[in-house]
Every structure is written in structure tokens, then in C-alpha cells.
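First comes the structure, then the notes that go with it.
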Amino acid sequence: MRLMALSPGRKSAAAAHARTASQPACHHHPAIARLAGGVGGAVAEAAAAIAAASEAVFLACAAMSSATAAPRSRTWLARLRVVTASKKVSPEIATATAEALERLEERIGELENGSEKVFRRLLQTRVSLLNIHNPL
């Protein structure tokens, strides 16, 4: 937008035009009108919905963790509960499956190590930012 020197009477008309031009075309939409009329209410509704969803997720996680409470093992393969199969499986398939599970266990271990490194780096970055924000 080009700025031009305007007379005092024209400044208010230009300001009114700038205000209407900056409004989106959908400003008459009911949802937009509701938000514009009560942003605080919309934020409160969103916070309540997030709280309800979080509560449901946490309750489901708590139910699952109490249902699977067992002594902890160091390996993922040992954590798997093996159910005896009624069918016999060929030794080749069993060996291939065991090897695939071992590779999967290694990959999961690598992911855990990587996520720990990322977490430590996030903490270091947070400390650095706090030190920059609040110097001694």
C-alpha cells in the first residue's frame, strides 16, 4: 500500500477504508462472529474440551498400565507375552520371526537412545535460554 500525504479530512476516510480492507471476507460467518463477540468464552470452551480429552486419555493410559503391571525386564523380547499357539510353525519361520523381533528390539533401543539425547539437548537449550533471559 502506498502512503500519500492526505488532508486532515481525508485521513479518517482512508483509515476507515484500511480497516474495512483488512477485515477478512468471512467476517460475517457465525463462528467468526461468536469468536469476535466472546473470545474469552471461546478460549474457555477450548480449554474445557482439551481438559476433557486429556482426562480421557490419561484415564485410558492408567487403566492400561494397571492391567499390564508386571515385573520389568530389560529387553523388549522378554516383555512380550508369548501365547502358546495351537498350530505348529516351521522352524524356519520361527527363526526368521525371532531374528526380525531382535532387529526390531535393536531399532527400538536406538530410538530410545536418540530420544534421550534429544530430551537432554532440549533441557540444555532451555537452560541456555533462561540464562540469556535472566542474566546474573
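Residue numbers (my numbering): -15 to 120.
The beta carbon of each residue, even a glycine, is placed where N, CA and C say it ideally should be.
Since the structure is predicted, the reported quantities are computational estimates derived from the model, not experimental observations.
Quiz item: What first and last residue would you give for the alpha helix (DSSP H) that runs through leucine 120?
Solution: No residue range can be given for leucine 120, since it is assigned to no alpha helix (DSSP H) and is classified by DSSP as neither H nor E.
Quiz item: serine 74 to lysine 101, Cα distance in whole Å?
Solution: If you take the alpha carbons of serine 74 and lysine 101, they lie about 41 Å apart.
Practice problem: Tell me whether valine 102 sits in a helix, a strand or coil according to DSSP, three-state version. | Solution: Three-state result, valine 102: helix.
Quiz item: Got a sec? Which residues, its chain only, sit under 8 Å from alanine 35 by beta carbon, not counting five neighbours each side?
Solution: none
Practice problem: Express the C-alpha separation of alanine 37 and alanine 30 in angstroms, rounding to a whole number. | Solution: 11 Å
Quiz prompt | Length of the line joining the Cα atoms of leucine 114 and arginine 105 | solution = When only Cα atoms are considered, leucine 114 and arginine 105 end up about 14 Å apart.
Quiz prompt | Beta-carbon proximity list for serine 6, same chain, < 8 Å, skipping 5 on both sides | solution = Confidence is the limiting factor: at serine 6 the pLDDT is only 48, short of 50, which leaves the residue's position unreliable, though a coordinate-based value still follows. For serine 6, where only same-chain residues beyond five positions count, there are no Cβ hits under 8 Å.
Quiz item: leucine 89 to alanine 44, Cα distance in whole Å?
Solution: According to the sequence provided, residue 89 is glutamate. The question's leucine does not apply to it. Cα to Cα, the separation comes out at about 26 Å.
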